[in-house]
Amino acid sequence: MRKITKGEPPESFVNWVRRKPKNMDENQWFQALYKQKQWQVVSDLSSHNAAEQFYLCAYCCDCITGEITDTVNEHVEARAVAIRRSLEHNNIVASCKTKNQCDSAHKSQVFTLTPLMDECETELKFKISGRVEGSTDRARETIQVLNLGDNEVNNKSLIEKRKQLSHSLMWSNGINPTDGLEDEELLLAVIDDLMTPKDGKLEAFAPVVANILRNWIAA
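Per my numbering: the sequence shown = residues 18 to 236.
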């Protein structure tokens, strides 16, 4: 994960929130976006959030476009358990639509380590193998709820994709994933380069590789 810093919501969504009838709660009014086919507002929200996240899924850090084909407006604190937060932009992120992970796996489950927290970058430990481990109970809970790939039984496809693309990013930055690198100054430079958006975008799983390299430095 990468810490997401939320900014102002898109104007079309702000206007929609202001129009909420008194006889509807926040969840009902959010659902009305889809029931009334307010696709422009839905699109504005998903594309805005994707841009805020440098076009990475809030949870797995794979690439998203912000378009309906691969991106969904996801409530970090689920609408079913936090009705009053259904219209809070600070509770809505852009998630990928991959089956059995991220938004698809979350549903209405509760998890307490979120991409809106600084700790999401340190309590999740990514491995060269493509797997992820949690260093705290809440990190392990988040991995389970979002099915982020702690072992191949749970999510082999994500682990394999994360491994392949992470290794590719390392090779492209002059790092052998098998041998590692002991030059701390060079590792820090690579991390800085990986986490610097180019044309408003980060490469798929760049935060994962940055996490791996930070753990090498700390070891």
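From the three backbone atoms N, C-alpha and C, an ideal C-beta is built for every residue, glycine too.
**Asked** Quick one: is Pro38 buried, meaning 16 or more other Cβ sit within 10 Å of its Cβ, or exposed?
**Response** Note on Pro38: under 16 other CB atoms within 10 angstroms of its CB, so exposed under the neighbour-count rule.
**Asked** Is there contact between the segment 161–173 and the segment 123–133, where contact requires at least three CB pairs shorter than 8 angstroms?
**Response** These segments touch.
**Asked** In the segment 131–170, which residue ranges form an unbroken alpha helix (DSSP H) of at least 4 residues, counting only runs that do not cross its ends?
**Response** Given a length threshold of 4 residues, each whole run of the alpha helix (DSSP H) inside the segment 131–170 is given here in chain order: 154–163.
**Among Ser112, Ala97 and Ile21, the one whose alpha carbon lies nearest that of Ile85** = Of the listed residues, the one whose Cα sits closest to Ile85 is Ser112.
**Prompt:** Quick one: any contact between the segment 56–75 and the segment 23–37, if contact means 3 or more CB pairs under 8 angstroms?
**Reply:** Segments in contact, yes.
**Item:** Where the beta strand (DSSP E) containing Ile109 begins and where it ends
**Value:** Bounds of the beta strand (DSSP E) holding Ile109 are Ile109 to Cys113.
**Prompt:** Can the beta-carbon of Ile109 be found less than 9 angstroms from the beta-carbon of Val93?
**Reply:** Taking a C-beta distance under 9 angstroms as the contact criterion, Ile109 and Val93 qualify as a contact pair.
**Asked** Can you name, in chain order, every residue of its own chain whose Cβ lies under 6 angstroms from the Cβ of Ala227, other than the five neighbours on each side?
**Response** Contacts found: Ile208, Leu211 and Met212.
**Asked** Does Ile208 come within less than 9 angstroms of chain D when only Cβ atoms are used?
**Response** Considering every chain present, this structure includes no chain D. It has just one protein chain.
**Message:** I'd like to confirm the pairing. Which residues does DSSP put opposite Cys80 in its beta bridges?
**Reply:** Looking at the DSSP assignment, Cys80 forms a beta bridge with Leu73.
**Span of the alpha helix (DSSP H) around His92** = Where His92 is concerned, there is no enclosing alpha helix (DSSP H), although the beta strand (DSSP E) around it starts and stops at Thr88 to His92.
**Prompt:** Smallest Cα separation from Leu182: which of Thr195, Glu202, Ala223 and Asn168?
**Reply:** Minimum Cα distance to Leu182 is reached at Ala223.
**Item:** Status (buried if at least 16 other CB within 10 Å, exposed otherwise) for Pro132
**Value:** Buried, by the Cβ-count rule.
**Message:** How far does the alpha helix (DSSP H) with Asp120 in it extend, from its first residue to its last?
**Reply:** Asp120 -> alpha helix (DSSP H) spans Asp120 to His123.
**Request:** Verify whether the separation of the beta carbon atoms of Phe30 and Gly217 is less than 9 angstroms.
**Result:** With contacts defined by Cβ atoms closer than 9 angstroms, Phe30 and Gly217 do not form a contacting pair.
**Request:** Evaluate contact between the segment 175–194 and the segment 147–154, counting only Cβ atoms and requiring at least three cross-stretch pairs below 8 angstroms.
**Result:** Note that the segment 175–194 touches the segment 147–154; at least 3 beta-carbon pairs, one per stretch, sit closer than 8 angstroms.
**Of the residues Gln45, Ala49, Val58 and Ile81, the one placed nearest Ala67, counting alpha carbons only** = Among Gln45, Ala49, Val58 and Ile81, the Cα nearest to that of Ala67 is on Ile81.
**Prompt:** To which residues does DSSP link Leu218 through a beta bridge?
**Reply:** Rather than Leu, the amino acid found at residue 218 in this sequence is Lys. Here Lys218 is bridged, per DSSP, to Lys215.
**Spatial neighbours of Asn172 in its chain, beta-carbon cut-off 8 angstroms, leaving aside the 5 residues before and after** = So the qualifying residues of the chain are Asn117, Gln118, Asn164, Leu165 and Gly166.
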